[in-house]
Amino acid sequence: MGTLRQAAINRLRARATRLHGRDVLPASINRRRIYILPSRFGIMLAVILAAMLIAGLNYNSNLGLAFAFLMGSMALVTMHHCNRNLMRMSVDVTPEVDAFAGREAVFEFVLRNDSNLERRDIEVRCSSAIGLGSVPAMESEPIEVVVPVARRGVTRINQFELRTYYPFGWFYSWTYLQGSLVIYVAPAPAGSRTLPSAGAQGHASHSDARGDEDFSGLRAYEPGIPLKHMAWKVLARGGEAAVRSYSSLAAQPEWLEWSSLPGLDEEARLSQLCLWVLECDVAQRPYGLRIPSKEIAPSGGAAHRFACLRALAAHGQSET
Amino acid sequence: MNTDRVSAQQLLGISVCLVLSLGAQLTSLPLWIPAIVVICCLIRLGLARSGRGMLPRGVLLVLAGLAIALLFLRFRTFNGLTAGTALLAVMAGLKLLETRTKRDIYIITLIIYFLSLSALLEARSFWLLAYLIGVCWLTTATLLRLTSAVPSPDWRTSLRYGGRILVQALPLTLVFWLLFPRFAAPLWQVPNDSRTAESGLSDTMSPGDINQLALSDEVAFRVRFAGEAPPVRERYWRGPVLHYFDGRSWTRGVYSDLAGAPPLLPQGPAYQYTVMMEPHQHRWLFMLDWPSQWSVVRAGLTSDYTLLQLDRLSRPIDVIGTSYTRVRAGEPLTIDERRRDTRIPKNRNPRTLQLAAEMRAAHPDDMEYVQSVLDMFTQQPFYYTLTPPRLAGESVDEFLFGTKRGFCEHYASAFAILMRAAGIPSRVVTGYQGGMLNPYGDYWILRQSDAHAWNEVWIEGRGWVRIDPTSAIAPSRVEQGLSDLASADEALASRGPRGLHWFAGAQLRLDALRELWRERILDFDQDSQRDLLQILRIPEPDGQKLVILLAVAMTLVLFWLTWQVRRELTPQSRDLAARAYVKLCAKLAAAGLPRMQYEGAEAYAQRVAQQRPDLAQSVTTLCRHYSALRYAAPSSAVTLGQFEAAVRMFRPRPRGG
């Protein structure tokens, strides 16, 4: 039964892909692509309704029949309401997210409701992860879907699903959206090696001095930056949390190299490189990444960090 | 979502629904069953409140076993409506005890729906239906609160939403109800719970005992005549005929056959009528004296012209009958019958026998003798009373020579004995007499208080002749019926419907309504559906046509429903804007500046600006916003909400204020 059901669902998903092609986000959901089925509870209700009908007919009880028909009609009306709950919603999502292996990737779907009805209990299902939310009338609402990611790599999700059991859980209607969502799963940062510059390669002066005297200005605090870089005086004066940044390091780019980690297997190397990327980023030092599949010129900042992490995630995978 | 834990509040909601749905069963179930369910609810709620865990599984199993054993001891079966309902109710209570997740509550909602249905299966009351629809509404709202994600909607919203779905379901319900084919006969024989006691007339009569029927206002049956109603002197509704007297009680004896009655030759017009019987758990049906045709298949006349069914009457039925009020016998009395109907208990009521012998000597002709006995009732001080003194021992002697007070049973009993003592075959017929016309429904109501007993005597050459000795003492008794005789305000009914006391009038209207409900709703069946097809001018109505019609009507209603449901999606801001504008106009009118019929928004704003420069700016702005919202393309600068808020804030002061 379970496998049969799964097979049917797979066929349906393939059919949806074939029929609708790739969706351009934000995608609006028209009624032709909304499917509906009774839930397990709905099937139980159907059995009860059939029993009610037969009892009413057999007892020739017009009041019993009236009640049974009323319940049946309510079920039919509910079906329409369930179907309507998804109709003409539009969905948008940032298609690329970053994550570390063993942690979670968070997609933020933005559902927009251009009607006067509140859309309650909308589930967004994305490779076995479910986000749940309601969208008030004429508003947009973000719904987070937290996808756990176990392994490093680039995970693509070609199809996600909007589903609702509203109002009574007797039916569920759903629709498939063909968007290509990508999760760049960087390796889990780990390793015990120190940065190459901290080794005996002649950059000792930098590591000793840590460039503390080369104060170049302030920038906004971000979580993860060591507290010793905090500009406490600024904070004490009532200013925003800020950290000192040091220009001296900009001059000496750090090359994080695949080849500098002999004796480790592939994943361990990637994990070590990932840790270094984060360390350099926190320390505000420009760094470059050189791995067999890619070379990224030294730089700094969030965009650079993402580029490096994605390169690590994509290592060994053919990216198309 | 199915495994979510349930909160105490949700448990309270579903418990209330369950108990309310059982409230409809209070009269049919033994009281301890709802009590068990209530106790289960309280235990579960207490556990949830105190935050303690569930009852251990073993305890639950023992409880379930005990409950089922109790049920079995009480009913001996789980087949049948009452036993099945009881089982279901107890199961719902036990389910509540072990409820942890929402899925458990889903099952309870299903049980509630089915319990509601089972209460309706043998019910006939409009109010019960309304009550149970209310319960179903509440249950559905509870379900909505349960299935909806946090924050679950509040009670008002849930009830409104449930009500909306209920209302949208009504047209479809009507189509189903009218057009869904009904069975001619049940799929399987419904077990008769016989939970209602016998009521109405019985087939024994003990004149000495207290009679409760005469005081009962309960309806025995209703009658609608196809044409003219027979005069009141001929409106005798025949029930069981009693032959055997043991000195104290009259009994019917056992009928071994429904072979039919000896033929009768009609002497007068035939009356066609419909008797709408209330269930009384006896086999006989009351027909106008003397019945010749009837519409019930499993019924036949006994040899003394009582219409007898094969089964007890456990549900209301309509019998279409034809009767002749004046007949004569086609065949002579058989010897067995003559012996049966002249037998009197030996050595009982000696004074009565002596009186009969004396009178018979003076009146050798049968009819003369009958008349002389009736004259005796008229001339001697015999009283009609519903509360006669009790008779002990020789009941007939005591009545005729002692108390001289009684009602129809006393007179019929004494008369029959006087006849038999003179060798004239005679028997007691029980049934109903008279009836009250309901002018609002054009039918006659026969109540238990109309129950009556009279006699039939065999006169050679004429056959059985009906004699009503009670009418000899109180002629008005036959003219007006027992209920009026007994009631203090005698003039009430005799003045006719115009002069009816308002209360009696209201009661009759209510009865007419009830009758309409019964006829149109409760008794709706295959024939009614055929009539419906005929009204729609569908040729050769049959089941197939009905199904086609059902499909067509369903399609139409579903189209309507789809449109209706989707329509709510489209923003109706234009209508809302118009509503806000009407409010604005009302406010200005209250300030002494009503809008003229012909004025558009802009023109109105201009006039207001001229007359009240202090309001000029705000009114002009508001009217411009209204025009934009109403007539411009969407995405105008001002949203509907802002406009509505601005109208709400707008408070023009009256001139000079």
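In order, the protein sequences belong to chains A and B. All residue numbers for the first sequence refer to our numbering, where the first residue is 1 and numbers rise by one. All residue numbers for the second sequence refer to our numbering, where the first residue is 1 and numbers rise by one. Beta carbons are placed, not taken as given, at the ideal position from N, Cα and C, and that holds for glycine. Please read these numbers as outputs of a predicted model, since none were measured by experiment.
From the options, pick the residue whose C-alpha is nearest to that of residue i; which is it?
{"i": "aspartate 531 of chain B", "options": "B/Leu179, B/Thr204, B/Asp366, B/Ala590", "result": "B/Leu179"}
{"i": "arginine 32 of chain A", "options": "A/Met79, A/Ile143, A/His20, A/Ile9", "result": "A/His20"}
{"i": "glutamate 123 of chain A", "options": "A/Arg163, A/Ser197, A/Leu312", "result": "A/Arg163"}
{"i": "alanine 414 of chain B", "options": "B/Glu460, B/Ser116, B/Pro345, B/Gly268", "result": "B/Pro345"}
{"i": "valine 296 of chain B", "options": "B/Gln281, B/Gly321, B/Pro279", "result": "B/Gly321"}
{"i": "alanine 731 of chain B", "options": "B/Leu144, B/Arg57, B/Ser21", "result": "A question about residue 731 of chain B goes unanswered here, because the residues of chain B that appear run from 1 up to 657."}
{"i": "alanine 150 of chain A", "options": "A/Phe100, A/Leu312, A/Val91", "result": "A/Phe100"}
{"i": "leucine 516 of chain B", "options": "B/Leu31, B/Arg222, B/Gly461, B/Lys587", "result": "B/Arg222"}
{"i": "valine 24 of chain A", "options": "A/Met138, A/Ile36, A/Asn83, A/Asp92", "result": "A/Asp92"}
{"i": "arginine 238 of chain B", "options": "B/Cys408, B/Gly227, B/Trp290", "result": "B/Trp290"}
{"i": "arginine 447 of chain B", "options": "B/Tyr432, B/Met596, B/Met287", "result": "B/Tyr432"}
{"i": "alanine 35 of chain B", "options": "B/Ser28, B/Leu45, B/Ala48, B/Val19", "result": "B/Val19"}
{"i": "alanine 8 of chain A", "options": "A/Ser128, A/Leu37, A/Gly179", "result": "A/Leu37"}
{"i": "proline 151 of chain B", "options": "A/Arg103, A/Pro136, A/Glu161, A/Glu266", "result": "A/Pro136"}
{"i": "tryptophan 137 of chain B", "options": "B/Gly163, B/Ser125, B/Ala149, B/Ile112", "result": "B/Gly163"}
{"i": "methionine 359 of chain B", "options": "B/Asp375, B/Asn349, B/Asn347, B/Arg328", "result": "B/Asp375"}
{"i": "arginine 420 of chain B", "options": "B/Glu337, B/Glu234, B/Gly402", "result": "B/Glu337"}
{"i": "tyrosine 236 of chain B", "options": "B/Pro654, B/Ser323, B/Ile317, B/Trp188", "result": "B/Ser323"}
{"i": "phenylalanine 377 of chain B", "options": "B/Ala357, B/Phe401, B/Leu94, B/Tyr581", "result": "B/Phe401"}
{"i": "alanine 526 of chain B", "options": "A/Phe41, A/Leu57, A/His304, A/Arg13", "result": "A small fix is needed here, since residue 526 of chain B is glutamine in this sequence, not alanine. Minimum Cα distance to glutamine 526 of chain B is reached at A/Leu57."}
{"i": "alanine 307 of chain A", "options": "A/Val97, A/Trp232, A/Pro196, A/Gly263", "result": "A/Val97"}
{"i": "histidine 625 of chain B", "options": "B/Ala578, B/Ser372, B/Pro153, B/Leu45", "result": "B/Ala578"}
{"i": "valine 62 of chain B", "options": "B/Ala551, B/Glu98, B/Asp318", "result": "B/Glu98"}
{"i": "valine 557 of chain B", "options": "A/Gly133, A/His80, A/Ala314", "result": "A/His80"}
{"i": "alanine 553 of chain B", "options": "B/Leu174, B/Gln642, B/Leu47", "result": "B/Leu174"}
{"i": "threonine 142 of chain B", "options": "B/Lys545, B/Thr403, B/Ala8, B/Gln564", "result": "B/Ala8"}
So residue i and residue j are in contact, right, with Cβ under 8 Å, and what is the actual spacing, rounded?
{"i": "proline 286 of chain A", "j": "proline 253 of chain A", "result": "5 Å"}
{"i": "arginine 269 of chain A", "j": "tryptophan 255 of chain A", "result": "Not quite, the Cβ-Cβ distance comes to about 15 Å (not below 8 Å), so this is no contact."}
{"i": "valine 370 of chain B", "j": "valine 457 of chain B", "result": "6 Å"}
{"i": "valine 154 of chain A", "j": "tyrosine 184 of chain A", "result": "6 Å"}
{"i": "alanine 75 of chain A", "j": "tryptophan 170 of chain A", "result": "6 Å"}
{"i": "leucine 275 of chain A", "j": "alanine 186 of chain A", "result": "The Cβ separation is near 10 Å, so there is no contact."}
{"i": "tyrosine 113 of chain B", "j": "alanine 24 of chain B", "result": "In fact, because the Cβ distance is near 12 Å, the residues do not count as touching under 8 Å."}
{"i": "methionine 89 of chain A", "j": "arginine 112 of chain A", "result": "7 Å"}
{"i": "tyrosine 176 of chain A", "j": "alanine 16 of chain A", "result": "4 Å"}
{"i": "alanine 67 of chain B", "j": "leucine 94 of chain B", "result": "7 Å"}
{"i": "leucine 181 of chain A", "j": "phenylalanine 107 of chain A", "result": "7 Å"}
What does residue i pair with, by DSSP beta-bridge criteria?
{"i": "asparagine 60 of chain A", "result": "Beta-bridge pairing links asparagine 60 of chain A to no other residue."}
{"i": "glutamate 96 of chain A", "result": "A/Val182"}
{"i": "lysine 294 of chain A", "result": "A/Ile291"}
{"i": "tyrosine 432 of chain B", "result": "B/Trp237, B/Ala451"}
{"i": "glutamine 309 of chain B", "result": "B/Ala299"}
{"i": "phenylalanine 221 of chain B", "result": "B/Met277, B/Leu446"}
{"i": "methionine 660 of chain B", "result": "What the structure shows of chain B is the stretch from 1 to 657, and residue 660 of chain B is not part of that stretch, so it cannot be assessed."}
{"i": "proline 38 of chain A", "result": "A/Phe171"}
What does residue i reach in chain D if we use C-beta pairs closer than 9 Å?
{"i": "serine 134 of chain A", "result": "Protein chains in the displayed structure are A and B, and chain D is not among them."}
If you measure beta-carbon to beta-carbon, which residues of the segment 37-50 of chain A are closer than 7 Å to chain B? Taking a C-beta cut-off of 7 Å against chain B, the contacting residues of the segment 37-50 of chain A are Phe41, Met44, Leu45, Ile48, listed in chain order.
Got a sec: which bits of the segment 124-144 of chain B sit with their beta carbon under 9 Å from any beta carbon on chain A, in order along the chain? So the close ones are Arg124, Ser125, Phe126, Leu128, Leu129, Leu132, Ile133, Cys136, Thr140, Leu143, Leu144.
Hey, is the segment 301-314 of chain B in contact with the segment 439-446 of chain B, meaning 3+ C-beta pairs nearer than 8 Å? No: fewer than three Cβ pairs fall under 8 Å.
Give me the subset of the segment 68-98 of chain A whose CB atoms are less than 9 Å from a CB atom of chain B, sorted by chain position. Against chain B - using a Cβ distance shorter than 9 Å - the residues of the segment 68-98 of chain A are Ala68, Phe69, Leu70, Met71, Gly72, Ser73, Met74, Ala75, Leu76, Val77, Thr78, His80, His81, Asn83, Arg84, Met87, Arg88.
The segment 32-51 of chain B touching the segment 88-97 of chain B, judged by at least three CB pairs closer than 8 Å: The segment 88-97 of chain B and the segment 32-51 of chain B touch, with three or more beta-carbon pairs separated by less than 8 Å.
Taking beta-carbon pairs under 8 Å, can you tell me which members of the segment 139-171 of chain A lie near chain B? From the segment 139-171 of chain A, only Tyr165, Tyr166, Pro167, Phe168, Gly169 have a Cβ closer than 8 Å to chain B.
Under 8 Å, with one C-beta from each stretch per pair, do the segment 59-69 of chain A and the segment 147-167 of chain B reach the 3-pair mark? The segment 59-69 of chain A, when compared against the segment 147-167 of chain B, does not touch it at the 8 Å Cβ threshold.
Quick one: any contact between the segment 374-392 of chain B and the segment 426-434 of chain B, if contact means 3 or more CB pairs under 8 Å? No: the two stretches stay apart, fewer than three of their Cβ pairs being nearer than 8 Å.
Between the segment 550-569 of chain B and the segment 73-92 of chain A, do three or more beta carbon pairs fall short of 8 Å? Under the three-pair Cβ rule at 8 Å, the segment 550-569 of chain B counts as touching the segment 73-92 of chain A.
Say whether the segment 458-468 of chain B touches the segment 267-280 of chain B, bearing in mind that this needs 3 or more beta-carbon pairs closer than 8 Å, one atom from each stretch. As far as the Cβ criterion goes, the segment 458-468 of chain B does not touch the segment 267-280 of chain B, which means the pair count is below three.
Report the residues of the segment 314-340 of chain B with a CB closer than 7 Å to any CB of chain A, ordered along the chain. Here the close residues number zero.
Pair every Cβ in the segment 275-285 of chain B with every Cβ in the segment 448-455 of chain B, then say whether three or more of these pairs are closer than 8 Å. Contact between the segment 275-285 of chain B and the segment 448-455 of chain B is absent, because fewer than three Cβ pairs lie under 8 Å.
Under 9 Å (Cβ pairs) to chain A, residues found in the segment 18-39 of chain B: Answer in chain order: no residues at all.
Residues in the segment 254-284 of chain A with C-beta within 9 Å of chain B's C-beta atoms, listed in sequence order? Look at the segment 254-284 of chain A: it has no residue with a C-beta under 9 Å from a C-beta of chain B.
Chain-ordered residues of the segment 19-38 of chain A with a beta carbon less than 7 Å from chain B: Cβ contacts with chain B come from no residue of the segment 19-38 of chain A.
Residues in the segment 149-176 of chain B with C-beta within 7 Å of chain A's C-beta atoms, listed in sequence order? From the segment 149-176 of chain B, only Ala149, Tyr161, Ile165, Leu166, Gln168, Ala169, Leu172, Thr173, Phe176 have a Cβ closer than 7 Å to chain A.
Against chain B: residues of the segment 102-117 of chain A by CB proximity under 9 Å: Taking 9 Å as the upper bound on Cβ-Cβ separation, chain B lies near residues Asp114, Ser115, Asn116, Leu117 of the segment 102-117 of chain A.
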